[in-house]
């Protein structure tokens, strides 16, 4: 797990607006969806230079860019949609903190898309939304997203989404991304509930390592979800030219989902902290058991071993050695010492019913 | 215990307002109570389609729906009472975070009803209140609620409740639900006080597990109670068309109860954290006792065993072996070593009066 | 110690304003003090029905009710002084959270009176103040209060208190109650300072239990003091008809005392948490000492016991057994092994000057 | 260390403004400094009754009172400078929480003066400043202060201080007191840095006690510094008749120093908490070392002691006893067992290079 | 590591504005860069007295001072640029808390420049920026900074930086300094990720010491970064004469970087705290392993040693001693005891597959 993700960025001190392309970034592919109330067309755009010709004057266009790995594409998009240099920089130099900022020509929403990956790990990716008067431009880092349902609703052609303009489409995309947080948090929460049993029965370093890993996963989810809340709230609160009042009402719902997700992350974090404390306590308990076992064992054998040693001495004059019943009497005495010790420990509660209960526990 | 309750909801990205029925949800039954200052009628409504005919033009109607398991019912209610699609979604897609939101035609209050279940566990259920100009529509997930006293007051027919309109009825229902928090918290607090003794006398993993369970119960109660506070506060503070000033004055009292409940939960959480620390300390103390026992035992027997071993050696020339009083003198020396050790440990405070005090403690 | 005090209250869902009398509540006794600038009269009122006749039209009346155990008394007082049903409920259904609320006919101040009881424990009792235009009605749960100085000042007849009206009397009572917090906190703080030594010298479970008890006492004091601060602040800040500007200036001083008391409680809580950590550390240290003692003992005797065992073997051919100086040489070797071990442990710092320092510490 | 300092104050419930003189308070001495732009005079005032005659109509007077132990003096000062009874009470009944309050005739600033005392301990004393139109009255509890530099600047007669009026003098005094916080915090911080090494090398109870003591010293410093910040901020923010805009600009600087001091205290507290955790960890580590030593020792000697015991048995038929090479072979076997154990522990990392590293650590 | 850096400052109580030169401060060197849209000139200024002549009436001048060790230079700069005495004091008496304050003639920005030094340690240095109408005066404590890229952009002569005035240059410098925080935090974060493995495999005091060191480095970074955030925010929010709206828009971006840096520091601190807990747990686990080893060893050998001791006794009448098969039967019995113990511990899970897993962990 990486504690921090390096931000792609120009050398310290460069002119604001200088774009730097991360060499590992994916080459961009562009998909275009244009629709009016009645018609819808989809295009796989070969290159960014063809784009302008494809965008109709009427209706709404959704320009859907996957991959940030080409400077020319990004600069052309910047010019085409009058993106402010600072906004473009925020889009390209991932990761940017989620936020919403209104510029003169469009509204920039930076958000993060998270997905489960591998064994209960989480991938997160920056997703930028630019809402203009008649277009929505979205840019994501890698292929693969959670937006297929939005595309289906557009294609289905019924309902508000085809008629309500670019602002509503922007909202629908943002809402879909935020809705996708909850299932991811659930996967981690489920794993944590499974860990609860394991902490009690198998408090090994492996278990601790897994708890630590899940805790760090939760920290990373929080890092994506928490600033999102603030960003959506600013969209709900601050008027702008790109979202009308109805859409802002819907966003109130998106905000509620952000809050719920945030709380779910906090609850899970509280839960994992509780598990870690339990882990420590279980180890303490086990050590206590080990120590008791050792002490009981020594308490039984050390005195009788001493008694045996006593009569192994070679003094000339040890009258007991010559008595007839010495040996069986000594054996009896040893049994009594050992039994007395056992009774004493039972009275202290170290052995007997309570121990058994502890073993089950 | 489930860390998170899955929210019923449409597939990620669906149109807002799309309702999805949880297959495990209870089939709805509808009860109707209509009253004016002078008359009161109760109906068990067979189906949602009969409802409209039963609602009188005058007086207040309380439509009391138990169970959210039928799409047709919910959609019909939505149309009948002009419920905003987002409000209806919040009602149906449980759990929604408690909140209060004024729409054009009615006021939506989402709250949670909690009840003790089983062995000091807690069930919580979403309870939605829609307050209109002349009706209150309540929707709960399962049969069984805490509202019987409200119904009795309506039937008794005296007092403000019959004359003060739908807003007051909405307040009475909300207040009754909030009032029911305190007894539930008390049950958990009582159990915690009983645990206090057990932590001192029986610090077994079972005890720890019970503490953890109660802590998680408190976390779940808090999750219901805490957002409630905020929601009621917004009702007290923000004017709306459905609650008049007198009712808002009463709500101030409901708000105070929310705050008290919140504080009671926090106090209990603080208490359970204290118990967990005590648990750890008691275990440490016990380990200390075990170690002391072991050390005292070894300190007494190990030296004398060595002395016995010394005279078990078979050297030809060990003059002591042949002296007459060697054996009794050695026995005496052993007694003195053991006694000296005991005196030393008493001086260190490891045995004697203090130990006994510790056993009692 | 009780984690929560059950609130007397009507069954869940009753009409607001329904009064329920706690069966354990004390029967009320009423004392009346009426005064003008020149005269003062005191009456022990036999029953609430006589009260109205005793209250003069001029001057200020202080109706001082001890005990909340009679419904008729409370309802009559409610009518006599036009107490709002919600206000009366807050007075009767103890405990209510401290607060200040202005109603049409009077100002309600709910506060808590705390007193030391038994062995450094704390009793707390609800004290309600209703300030009207020419009267102050105070209601407390039990006989016995901290207000004797106020009565003396009234009787003494000099100074502002006789001339400044009901609002000033209300302030004087509230200020006296708040002033009484500090001495109670001091008693607990003193005990905590005594515990500091005991934690170092006698870290027994008894000590821990006492720390826990004091911590819970502090939590209960905080529960009384903290909301008081807020309540007094609202009196200072919000204008109302019952306190004039001069009185509000004096209340600023009362507010300062609330803040100081709150801070003193927080400081004591911080201190007790520190003591608990110290307790844990002292136990760890002691365990360490026990372990060292055991290890040193075993290190000295186990090797030499082995050496003795070696020459207790019965092999036919063990040449050492027959040498003349074997026995004294072996004894010397044993001494050297034991001495070497002791030197080694001194070098590790386990014994010697440092140990002694630790014993003193 | 005292957890709380008792406040001198009148019996609970006395009339506000009643002054009570602490019997331990120092008898007051009064010094007077009067100056105009051109002249400066200093007087040791014999008694408070002479004071009025000495104060000139023109210029600024600084009345500097050391000791609060005489009622007549304090009451006379109160009348002379029209001090509000509540203000006078705050001055006399130490300790009062630092604050700034504007009254009709003067501005009251309550502050605390702290000084290092003894072995890294801290004394704190209340210092009250009353700023009037043409005078500054300061009252402190004991002789000895940090204000000599202010007096020197006045005597030097150059610069703004002689010409800028009483408000500026009040600021200069307050600023000097706040500036004196930093060196005191530095003394504690230095000691903490010295403790860091000691925690690693000598984790004795003495060290813990010293850490606890320093932590409590920091708590007391914070108690003086933290409310100061608020008080100075209110002076910067709220306009009043006694400080002009220029002086308030200078106070912004004093406020910055308050913030810095607060942060330095918090940093030191964080550091001391870190040290305490380190302390616990070092003890755990040491216990681990002790346990390892014990286990290694027992692992080597217990098996070979058993082997020796085996051949010390007295059975008639033990053929090994009569073989010629039994004894040396057994010795060899013992060496191999012991050596094997040592190798096993080295493989586990319990002994060898890592142990040595740990010893150094 | 130093917990606090002493502030150079005049003796307590000096006149505000008194400058004190730290004797360890570097002697100042002055570099001047003057530019218009078309021309740029650079000068190494020999002495401060030559400066005035070199500053042109048109264009922007950047006066870049390295070293604060000369009173004459600082006072001359103060007069030349009409620096307010308090501002000059903040510049000279390092360290001053980062802040932004607008004065009549210029805008003072106090910031901190941090750099990695040595083995993952951090140096921090005060950097003061004074923005006037046509000049920027920067003062830093030591030679060496992160501003080379800004100088290159000026020399390159293209872009907004040459035409946008002094305010923009001030922004560019501040932004470059803030941008330099992130790489420093990354270096520490990288080291922490490396430590994660080491904590699991080598929990020695050396590891703990390194964790403590990194934690303190993070505390110091936070001390530089956190107040920066506030300072930049006040620049974004408050209008002033020296930064136009466009520049303030750019500063919003700088503010975002401050927030990101702050969060990165907090995340790292959370991570290091987690590592410390893991450290403690790993030690507990190891102790547990040691104890188990000891207990298993003793459990196997102590009983059989007792059996051997039993038959080493010298009683006359011990019939077993004379039976033929006694010896082999006893050996068998010993094997069975030892084997039974091993089976028992395997059943308890102390040895076997689980132990091996633990060794790997």
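Chains as they are written, first to last, in the numbering used here: chain Y, -11 to 349; chain E, -11 to 349; chain Z, -11 to 349; chain D, -11 to 349; chain S, -11 to 349.
Every residue, glycine too, gets a C-beta built ideally from N, C-alpha and C.
None of the values given here were measured: they were computed from a predicted structure.
C-alpha distance - residue i paired with residue j, whole-angstrom precision
i              : j              : result
residue 322(S) : residue 104(Y) : 57 Å
residue 130(E) : residue 12(E)  : 11 Å
residue 276(D) : residue 205(E) : 37 Å
residue 96(S)  : residue 85(S)  : 12 Å
residue 236(S) : residue 224(S) : 5 Å
residue 218(D) : residue 87(D)  : 7 Å
residue 353(E) : residue 110(Z) : The first residue shown for chain E is -11 and the last is 349, placing residue 353(E) beyond what the model contains.
residue 263(E) : residue 257(Y) : 21 Å
Spatial neighbours of residue i in its chain, beta-carbon cut-off 8 Å, leaving aside the 5 residues before and after
i              : result
residue 348(D) : Here the model assigns residue 348(D) a pLDDT of 40, short of 50, so the residue's position is not dependable and the matter cannot be decided.
residue 202(Y) : 108, 176, 179, 180, 183 and 260
residue 342(Y) : Confidence at residue 342(Y) is low in this model, with a pLDDT of 42, below 50, so its placement is unreliable and no value can be given for it.
Assigned secondary structure, residue i (DSSP; H/G/I helix, E/B strand, else coil)
i              : result
residue 17(Z)  : strand
residue 377(S) : With chain S covering -11 to 349 only, the question about residue 377(S) has no answer from this structure.
residue 299(E) : coil
residue 163(E) : helix
residue 9(S)   : coil
residue 31(Z)  : strand
residue 103(D) : strand
residue 330(S) : helix
Interface flag, residue i vs chain B, CB-CB below 9 Å
i              : result
residue 338(Y) : Within the model displayed, chain B is absent; protein chains Y, E, Z, D and S are what it includes.
Whether residue i touches residue j by CB criterion (9 Å)
i              : j              : result
residue 309(E) : residue 299(E) : yes
residue 53(S)  : residue 61(S)  : yes
residue 241(Y) : residue 127(E) : no
residue 142(D) : residue 239(D) : no
residue 124(S) : residue 51(S)  : yes
Cβ-based neighbour list, residue i, same chain, cut-off 6 Å, excluding 5 preceding and 5 following
i              : result
residue 280(Z) : 338
residue 70(Z)  : 93
residue 307(E) : none
Cβ neighbours of residue i in the same chain (closer than 7 Å, five flanking residues each side left out)
i              : result
residue 212(Z) : 100, 102 and 112
> In chain order, what residues of the segment 155 to 166 of chain S put their CB closer than 7 Å to some CB of chain D?
Replying inline: none
>> Output needed in chain order: residues of the segment 295 to 320 of chain D with a Cβ under 7 Å from some Cβ in chain S.
In response: 297, 298, 300, 301, 302, 303, 304, 305 and 306
> Any residues in the segment 245 to 270 of chain Z with a beta carbon nearer than 9 Å to a beta carbon of chain E? Which ones, in chain order?
Replying inline: 264, 267 and 268
>> If the cut-off is 8 Å on Cβ atoms, which residues from the segment 275 to 295 of chain D count as contacting chain S, listed in chain order?
In response: 275, 276, 279, 280, 282, 283, 286, 287, 290, 291, 293 and 294
>> Counting only Cβ-Cβ distances shorter than 8 Å, please list the residues of the segment 196 to 216 of chain Y near chain S, keeping chain order.
In response: 196, 197, 200, 203, 204, 207 and 211
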